[in-house]
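These notes concern the structure reproduced below.
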Amino acid sequence: MSKCNKMKTYKKLRVFIWVLLFFLSLGGLRLVWSQMTSIPAHPPAVKGILDLQKWDFAENPLVTLDGEWEFYPDQLIPPSTGSAPAGSRMQYLSVPGSWEQAFAKESKDSYRFGSYRLRMSLPRDTKLTFSIRFPDIRSASAVFVNGQPLHQTGRPAETGDDFRPGYRPASVTFTTYSGQADLVIHAASPSYMKAGGITGSVRFGEKAALTRTVWIGVGSQLAIALVLLIHSAYAVLLYLIGAQRRSVLTFASLGLFAAVAVLSDDAKPLADWLDMSYETTARTTLIAYTAIALCLIQLAKVWLLKQTGQRIFKILQSVYVLYTLFILFAPAYMVSRSSVFLTLSGLLTDLVVLVLMLRTVKREKEDGIFLLLGITAVVSNVFWGAIEPVTGPDPDFYPLDLLAALFALAAYWFKRYFRTSARTAELAERLQKEDKRKDDFLANTSHELRNPLHGILNMAQAVLNTEQDKLTEDSRKNMELLLTVGQRMSLLLNDLLDITLLKENRVRLQRKKLKIQSVAAGVADMLRYMTGGKPLELKLAVPETFPPVIADENRLTQILFNLVHNAIKFTNEGTIVIGAQVRNGHAEIRITDTGIGIDGRRLAQLFQPYEQADSGITAPAGGLGLGLGICKSLVELHGGVLAASSVPGQGSVFSFTLPLAEPVREAAYPANPAQRDQPVHPIQPGMNAPPDNEALPAVPLTSAEEEHAAARPNGHAAQTARHEEAEQPEKLPHILVVDDDPVNLTVLRNLLAPEGYRVGTAAGGREALSLLDGNGWDLVISDVMMPLMSGYELTRIIRSRHTLAELPVLLLTARSSPQDITAGFLAGANDYVMKPLGAYDLKARVRSLIGLKLSVEERLRMEAAWLQAQIKPHFFFNTINSISILSEIDPAKMRSLLEEFSAYLQNSFDFQNSEQLIPLQRELELVRSYLAIETVRHGHRLDIQWEIEDIPGLRLPPLSIQPLVENALIHGVLEKKTGGVIRIEVKKREHGTEVRVTDNGMGMDPAVLEKLRSVRFGEERRGIGLANTDRRLRHMYGTGLILESSPGLGTAVSFFIPVH
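Quick note on our numbering: the sequence shown kicks off at 83 and runs consecutively.
In structure tokens form, the structure reads like this:
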């Protein structure tokens, strides 16, 4: 035999020896208990007489009334009779014992009754009070002493109809001074009870001693039951607080039924408390023991880990279930006779479990020895109960077997709990390490993936921009889808980095006073390009007067961005509302959507990392489920609370709180006041920025924005801007700074003014639009987060009027995330600067953009002067020929033409044509000279009409009217054989001056006209410098040439000079 096999054999033998020793120890303890509680030897009853006259009750206060009693079958003798009644069939019967032998065997009566009698001789002249304890008289009895009735259980009677069972222990107390006690007991029971009569030892003795003994037994029962119930309650508590396993409930049920069994047996205190009938007590006791067996089977299944014994367990389980039904519904006489079956089956079950557990422990099951000891204690208890008919009933309750079983099972559960806790702690530590490694891996991977991802996005964007004309519609959509997926991946990488920082507590907030309106407007504009083409409307419902909060601008933007972006993902159509109210001294910001909603069971889990709603719903939206968890952590860092409510199919509401900068009255800012709601802004999806040499399409303004944008400069802001202009030289570059924070405006003005710039300020986007209409600006510096109109919206409107080169826009942002920067560039910004501002960085970017703008402006002016200087050769030679001919036929007209030609040449080559603005009269002089020459050449074919209003101080860009007149002459009236009329108008309007050149020439086809408007005269077919003129006007005034024409009716070209 190998060494390994020897070790296994030795272990099996050792386990068996331990179990055997424990069983023998329990038996030894029982014998010791019986010896300690036994009553000393004393005279027995002989032929119905017990002589205790010489017994010393002071030294040995208790005796038993065992021995020969007089018994009168089928008679209830009068208790006061001094001798046996006449005609009685008295016989002597051993007590304790069954009375079956006293009745005729051939008797078929279903009801039996009889009388017990014992005459006792006691010490004379004693002052002791005696008590008698009847542990078991079946199943109804009445006790008389010296003719006096002392106790009755049930109703013994001579007929079965009058009989009432009442099976429970009883005690009686009496006093005698004569030294004689005549004890008569009437007893009755159904014949189906095999052991009727007095089946337990009757104890007699001094009252105090007997009462003490009785209460020790009852107290033991109560103590055992209490311990069982406590363990059962602990098990239920463990189940409720987390250990939700069926085995825990089974253990709790085992303790409960064991307590019921203990209280229903021996002294039967449960029957006394609930005043239970004999039949109810019997059925309750049997059901309790059956339930204990069933619980042991269920626990054995768990303990054995379904390794062995499953078939026999199923059989036993079925048997016990059927037996339980039998107890509930079978007649009482059948139930009473079935107790033997329960005893044997219970013993069999315990032995089966013991054997199987022994085999399992041999397989090295952890802590199985405790289970073995517990089952061994149960087997011991059942074994001694089974052999009780042989050894005689034990008058006292024996608690040690049950206590040993209970403590052994409890030790098993506690050991298992502590072992599980230790394993859990070990696993938790390992999980924490793995979680840390996972976070580090994700952070490192995210960091490494960002550069190639941005490279992919940039390459895809470049291909989409440069090859747009060559791509098919499907290819273009695929490229846009690639950009969308890449941007989504970029957001995921950012979330992974943020969640790592939050877990490591490395996020530091830069708190300051912020306006919710500004941040909400900026977030709305950022998300304008991320809707995927959904028909959504974003409603900003934050009152203009809503008080500022204390928060980190960067993180507040991130919170709002994630929440609104989440609402967009799960809202296919409808409205998303950003609102705010004051509640409990805090600002509560609410994002309400009309999307698909979230089930209540999933709602509470959404704020945990990597948690999402139902996967079938979130699959199209993608993501890792980090955004809401990040929001929750950031809100809590600010000292707020993030909450959510939702109704599936109706939408969701996400709200969070932030501390207010200053205390305010809550009633002043109700929730979403309709009268203060901002207009609804359609969220217009868009993915690609236009090329640098094109302006973005105009974004329609709301009615309120149109009103402000059309208004002329007025109020304090306009006066401030004009005051600053008057104080500084006009030649200096002009910068407009837009920010809703006066402190920021002051800082920027102080930074830029010493650098040689004229600085104008505006407190918001609408005010900035008003100022842009009335002044020549070289650069706009705008904050992104502003109320009512964000920096993104302002930039889009500027781009609808000026190209990137004509009026650069520099955005100031607190965030450098790709979505923020992308939103800025898609809106049309030239560059951005991160907050907090660095003076050198800001100045360098301002110099660069100002230089760009001035270079373009200079190029346009020089282009205009150069175009004017490039006089067409045929115009030059035709004029010389006209002078030559007139010298012979009309010298006076020749001299006039020569003067006009000289003036035209002088104005054409004048260096002032490269200036930005010239007086109106100087421009008109050039036009008159040009028309005078052409009138001489073409004579009666030209009709020039003038309507020039006197407008003092009017200045306009040089070479702005002459190209229009030249265009009207060459492409208008001269294309008609009969010639035509050219009308030149300069008229004062409400907000400025209108310059209009009209001809009644050939006109243009609508298709040609629309093409010219769309490309802004880019083909240069309508005269020298017409495109240049349009670009310079747009750069100067925000609007260019307005072209109107009809075929055969003529053409009108005009432009507007706003009031300065």
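Where a beta carbon is used, it is the ideal one built from N, C-alpha and C, also for glycine.
Residue pairing of Ser-197 in beta bridges, as defined by DSSP: Tyr-154, His-268. Assignment of Gly-1132 by DSSP, reduced to helix, strand and coil, places it in the strand class.
A straight line joining the alpha-carbon of Asp-913 with that of Ile-598 spans about 25 Å.
When rounded, the separation of the alpha-carbon atoms in Pro-413 and Ser-273 is 14 Å. Look at Leu-144 here: in three-state DSSP terms it is strand. For Thr-895, the secondary structure class from DSSP, reduced to helix, strand or coil, is strand. Note on Asn-666: under 16 other CB atoms within 10 angstroms of its CB, so exposed under the neighbour-count rule. Rounded to the nearest angstrom, the Cβ distance from Pro-231 to Leu-158 is 12 Å, too far for a contact under 8 Å. Cβ atoms of Thr-372 and Tyr-402 come within 8 Å of each other, at about 5 Å. If you keep only unbroken alpha helix (DSSP H) runs of at least 4 residues inside the stretch 628 to 663, you get 635 to 651. In this model, Ala-602 and Arg-501 are separated by some 54 Å (Cα to Cα).
The stretch 340 to 353 makes no contact with the stretch 515 to 533; the number of CB pairs closer than 8 Å stays below 3.
In the DSSP annotation of this structure, the continuous segment of the beta strand (DSSP E) that includes Lys-1069 starts and ends at 1062 to 1070. Ranked by how close their Cα comes to the Cα of Leu-886, the residues Lys-925, Gly-933, Lys-917 have Gly-933 in first place. Under the DSSP assignment, Trp-355 falls in the alpha helix (DSSP H) whose first and last residues are 351 to 356. DSSP lists no bridge partner for Gln-303. Going by beta carbons, Leu-1008 and Ile-1030 fall outside the 9 Å limit. Straight-line measurement puts the Cα of Gln-998 at about 26 Å from the Cα of Leu-876. For the set His-1020, Ala-334, Gly-1083, Thr-146, the Cα lying nearest the Cα of Lys-1058 is the one of Gly-1083.
Beta-bridge annotation (DSSP): Met-1086 is not paired with any residue. Closest by C-alpha distance to Ser-253, out of Arg-328, Ala-269, Arg-285, Ser-260, is Arg-285. Per DSSP, the continuous beta strand (DSSP E) segment holding Tyr-174 begins and ends at 173 to 177.
In the three-state reduction of the DSSP assignment, Pro-231 falls in the strand class.
Under DSSP, Leu-1024 forms a beta bridge with Gly-1062. Note on Ser-728: 16 or more other CB atoms within 10 angstroms of its CB, so buried under the neighbour-count rule. Using a Cβ distance threshold of 9 Å, Ile-660 and Leu-740 do not count as a contacting pair. Straight through space, the alpha carbons of Met-275 and Leu-175 are spaced by roughly 18 Å.
Counting along the chain, Ser-283 sits inside no alpha helix (DSSP H), nor does DSSP assign it H or E at all. In the DSSP annotation of this structure, the continuous segment of the alpha helix (DSSP H) that includes Ser-557 starts and ends at 555 to 585. Going by DSSP, Ile-712 is part of the alpha helix (DSSP H) stretching over 709 to 719. In this chain, the beta strand (DSSP E) harbouring Glu-1076 covers 1074 to 1081.
Here the C-alpha atom of Leu-553 lies approximately 58 Å from the C-alpha atom of Val-746. Excluding residues up to 5 positions away in sequence, Leu-818, Val-820, Ala-844, Val-862, Ser-864, Leu-876 lie with their Cβ nearer than 8 Å to the Cβ of Ala-850 in the same chain.
Exclusion of the five residues before and after Glu-888 leaves His-1117 as the residues of its chain whose Cβ lies within less than 6 Å of its Cβ.
The Cβ atoms of Arg-1071 and Phe-1138 sit closer than 9 Å to each other. In the DSSP assignment, Phe-256 falls within the unbroken beta strand (DSSP E) covering 252 to 256.
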